Structures are given as structure tokens and as C-alpha cells.
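Colleague:
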Amino acid sequence: MNRKQQKTLDSIFETPTRANIEFSGIEKLLNILGAETIEGRGSRVSFELNGEKLFLHRPHPAKEAKKYQIEAFREFLERVGIRNG
0 MNRKQQKTLD
10 SIFETPTRAN
20 IEFSGIEKLL
30 NILGAETIEG
40 RGSRVSFELN
50 GEKLFLHRPH
60 PAKEAKKYQI
70 EAFREFLERV
80 GIRNG
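Counting along the sequence shown from 1, when you hit position 21 you're at 20 in numbering that gives the first Met the number 0, and nothing is skipped either side.
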């Protein structure tokens with residue numbers, strides 16, 4: 000994991016939840032961690048890692064993930080055993 004991906008991971012676990020994390024950066028982080036990205040219809044995308052799944056819609060037209068999406072990513076990472084720190 001490079002420095003940018005570590006910074007993204009740190010940002011996901013920050014409280015209060017930030018609203019300026021790019022969705023694509025989170026996708027890249029999940030791919031590095033071994034998650035499979037499954038494209039759905041339109042902006043729908045799902046991620047699968049260690050038997051857990053997360054379903055979301057990519058934000059548009061903005062590039063930044065919404066707060067509820069970042070919180071969903073945080074919960075997903077915790078479910079698969081990834082914690083910050």
C-alpha cells in the first residue's frame with residue numbers, strides 16, 4: 000500500500016466523517032486490499048472481500064463520496080477485519 004492509499008484509509012476512519020474523499024481513491028484502496036469490484040447497471044457498483052459485500056452507487060456529477068458512503072466503507076472494512084492504526 001502506498002502513501003496515498005494509506006492516507007485514504009486514514010481518512011475513512013476519521014471522525015467526524017469527512018466529505019472530501021474521492022470515490023475513485025476508495026475504489027483503488029479496496030482493490031489493493033484484494034476486494035473484487037463488480038459493475039452493476041448505471042452507477043451501481045458492488046465490492047466483495049472475504050465473503051462480505053457492499054453495494055453502492057458512484058456519486059455523480061461530483062467525484063467525492065457522500066458521508067453515508069464513507070461510513071458504509073468504514074463499516075465494510077471493519078466487517079472484513081481491516082482497522083486503522
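A virtual CB, placed ideally from N, CA and C, is assigned to each residue, including glycine.
These numbers come from a predicted model, not from an experiment.
Since Arg43 sits in a beta bridge, which residues does DSSP pair it with?
Modeller: In the DSSP output, where bridge partners are listed per residue, Arg43 has His56.
Colleague: Using the rule of at least 16 other Cβ atoms within 10 Å of the residue's Cβ for burial, across every protein chain shown, is Thr7 buried or exposed?
Modeller: So Thr7 ends up on the buried side.
Colleague: Along the chain, where does the beta strand (DSSP E) containing Thr7 start, and where does it finish?
Modeller: Not the beta strand (DSSP E): Thr7 falls in the alpha helix (DSSP H), residues 2–11.
Colleague: So, with DSSP's three-state summary, where would you put Ile20?
Modeller: Looking at Ile20 - three-state DSSP - the assignment turns out to be coil, as it is neither helix nor strand.
Colleague: Within the continuous alpha helix (DSSP H) that includes Ile81, where are the two ends?
Modeller: Note, Ile81: premise wrong, no alpha helix (DSSP H); not H, not E.
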